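Peer 1: Counted the way the numbering used here counts, the sequence shown spans residues 162 to 493. Backbone N, C-alpha and C define an ideal beta-carbon position, used for all residues, glycine too. If you're wondering where the values come from, they're calculated on a predicted model, not measured in any experiment.
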Amino acid sequence: MTAFSFRPARHLGGLTAALALFALPAAANAVELQMASGYPDTNFLTQTVQAFIADVEKRTDGDVTITLHNNQTLVKLPDMIRAVQTGQVAMADVRLGNYGNDDPVYVVDAIPNLAGDYDSALELWDASRPYLTDSFAKRGLKVLFAMWNPPQGFFTEEPLETAEDFDGLKMRIYSTGTSTMAGLLGAEPKEVPFSEVAQAFSTGLINSMFTSPQTGIDTQAWDFTKDLTMVGALFTKQLVSINADVFDGLPKEDQDAILAAAADAEKNGFALMQSLAKDQLALIASKGMTVSDADEAVMTKMSEVGATMLDEWMKAATPEQAKVIEDYKAMK
């Protein structure tokens with residue numbers, strides 16, 4: 162393999178960007194990329210990324226290695242895009258929900274019941290992929306693959322049995338979309354970083370949260386709540402992305418290897434998410450929590466909220482953004 166040639170990042174010039182994006186190469190022909198991610202080793206999202214990293218190294222015969230800095234140890238979740246743009250890292254796992262104020266398509270998957278089952282989640286990604294890929298490219302990032310958070314639910318201290326039970330809840334949410342949802346349900350939305358959930362519960366800042374069973378496990382929600390009411394409703398996404406100049410500077414055979422590994426990671430990660438859902442609910446129940454599907458009254462309220470959010474989303478969307486929904490509906 163020929164020696165690696167680096168073109169300066171679009172958002173940093175010259176040697177500064179090169180030093181920020183790379184550690185010293187382990188061998189004359191090897192490139193070591195630094196990657197930031199937001200979740201602990203036990204999280205299936207991290208496991209999906211780790212499998213991708215191993216696959217890249219295998220497919221490139223060790224010419225490309227990726228060092229993972231997970232659990233927000235290097236970059237916080239809201240700062241992932243900027244970290245890749247500026248060359249702090251070459252790659253990152255970007256949680257789209259953190260960027261809803263930048264572009265409504267980033268949080269279209271947070272509209273309740275728009276894509277509330279597995280097949281619909283994949284169709285919405287197919288419909289939004291061209292737009293999101295182009296949007297990230299304009300920021301200097303190349304999208305490699307998507308990862309999905311599992312079906313969602315409400316962690317509460319008391320059972321959710323009627324629509325009125327949302328009134329007065331101080332609810333931890335994680336995106337602009339879920340903040341809107343919580344407000345329409347009658348709860349008080351509180352955006353709390355993943356790493357501060359336990360403290361927020363202990364200080365009374367929140368007394369409930371809307372999230373996936375995976376996050377409930379990661380935060381040990383059974384220490385603060387007693388009930389998990391599953392609603393499914395939405396599958397929010399992460400996009401694993403790489404600095405576009407870094408990717409373009411790699412030899413063609415390594416680019417192809419990375420893209421092949423990314424395609425497998427997307428497929429395998431989705432399958433892993435599906436397979437873990439039942440086991441995660443069983444684990445939460447084993448900790449003494451009551452786990453149940455939402456009653457009809459709660460699901461009806463969720464549907465009403467979803468319809469309201471979609472209507473408002475469409476009114477504010479540009480024609481290009483609205484086309485994402487039109488393309489998605491055409492798949493149904």
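I'd like the span of the alpha helix (DSSP H) that includes Leu194, first residue to last.
Peer 2: That residue, Leu194, is in no alpha helix (DSSP H); its beta strand (DSSP E) goes Val192 to Ala197.
Peer 1: How many whole angstroms separate the CB atoms of Ala191 and Gly223, which I take to be in contact at a CB cut-off of 8 angstroms?
Peer 2: Contact flag correct, Cβ pair sits at about 6 angstroms.
Peer 1: Give me the residue from Met370, Val466 and Arg220 with the minimum Cα distance to Phe355.
Peer 2: Out of Met370, Val466 and Arg220, Met370 has the C-alpha closest to the C-alpha of Phe355.
Peer 1: Do Val392 and Ala443 count as a contact pair if the criterion is CB distance below 8 angstroms?
Peer 2: In this structure, Val392 does not lie closer than 8 angstroms to Ala443 by Cβ.
Peer 1: Please determine, among Lys398, Gln381 and Ala271, the residue with the shortest C-alpha to C-alpha distance to Gln360.
Peer 2: Here the closest residue by C-alpha is Gln381.
Peer 1: What is the DSSP secondary structure of Lys476, reduced to helix, strand or coil?
Peer 2: Correct three-state label for Lys476: helix.
Peer 1: Measure the CB-CB distance between Met463 and Val401 and report whether it falls below 8 angstroms.
Peer 2: In this structure, Val401 does not lie closer than 8 angstroms to Met463 by Cβ.
Peer 1: Between Gln399, Leu321, Asn259 and Gly344, which lies nearest to Ala282 when the distance is taken from Cα to Cα?
Peer 2: When each option's Cα is compared against that of Ala282, the closest is Gln399.
Peer 1: Using the Cβ count rule (16 or more neighbours within 10 Å means buried), how would you classify Met475?
Peer 2: So Met475 ends up on the exposed side.
Peer 1: What would DSSP say about Lys493, mapped onto helix, strand or coil?
Peer 2: The answer is coil: DSSP assigns Lys493 none of H, G, I, E or B.
Peer 1: Whole angstroms is fine: what's the gap from Ala405's alpha carbon to Glu487's?
Peer 2: Looking at the two C-alpha atoms, the distance is approximately 29 angstroms.
Peer 1: Give the single residue among Met196, Thr337, Phe408 and Lys387 whose Cα lies nearest to the Cα of Val236.
Peer 2: When only C-alpha atoms are compared, the closest one is Met196.
Peer 1: Mapping the DSSP letters down to three states, classify Lys484 as helix, strand or coil.
Peer 2: Helix, per DSSP.
Peer 1: As an exercise, report each continuous alpha helix (DSSP H) stretch of at least 4 residues that is fully enclosed by the stretch 212 to 261, in chain order.
Peer 2: Listed in chain order, they are 241 to 247.
Peer 1: What is the rounded straight-line gap between the Cα of Leu437 and the Cα of Thr376?
Peer 2: Near 13 angstroms, if we compare the C-alpha coordinates of Thr376 and Leu437.
Peer 1: Kindly indicate if chain E contains any beta-carbon less than 8 angstroms away from that of Val266.
Peer 2: Absent from the structure is chain E; it holds one protein chain and no more.
Peer 1: Using a threshold of 8 angstroms, state whether the C-beta atoms of Thr390 and Gly314 are closer than that.
Peer 2: Contact: yes.
Peer 1: Determine the extent of the alpha helix (DSSP H) in which Phe408 is found, giving its start and end residues.
Peer 2: It spans Ala405 to Gly410 - the alpha helix (DSSP H) in which Phe408 sits, taken as one unbroken run.
Peer 1: Taking one C-beta from the stretch 315 to 322 and one from the stretch 419 to 430 each time, how about it: are there three or more such pairs within less than 8 angstroms?
Peer 2: Not touching, per the Cβ criterion.
Peer 1: Just the C-alpha distance for Trp383 and Pro312, rounded to the nearest angstrom, thanks.
Peer 2: Their backbone Cα atoms lie some 18 angstroms apart in a straight line.
Peer 1: Whose C-beta lies closer than 7 angstroms to the C-beta of Met434 among residues of the same chain, with five residues either side of it excluded?
Peer 2: Phe205, Trp309 and Pro311.
Peer 1: Let's see if you can read the secondary structure: which residues bound the beta strand (DSSP E) around Asp270?
Peer 2: Element bounds for Asp270: n/a, residue is neither H nor E.
Peer 1: According to the neighbour-count rule (16 or more other Cβ atoms, all chains shown, within 10 Å of its Cβ), is Asp326 buried or exposed?
Peer 2: Buried, because 16 or more other Cβ atoms sit within 10 Å of the Cβ of Asp326.
Peer 1: When you compare only the Cα positions, how much space is there between Ala268 and Gly449?
Peer 2: First, the amino acid is wrong: residue 268 is Val here, not Ala. Cα-Cα distance, rounded: 33 angstroms.
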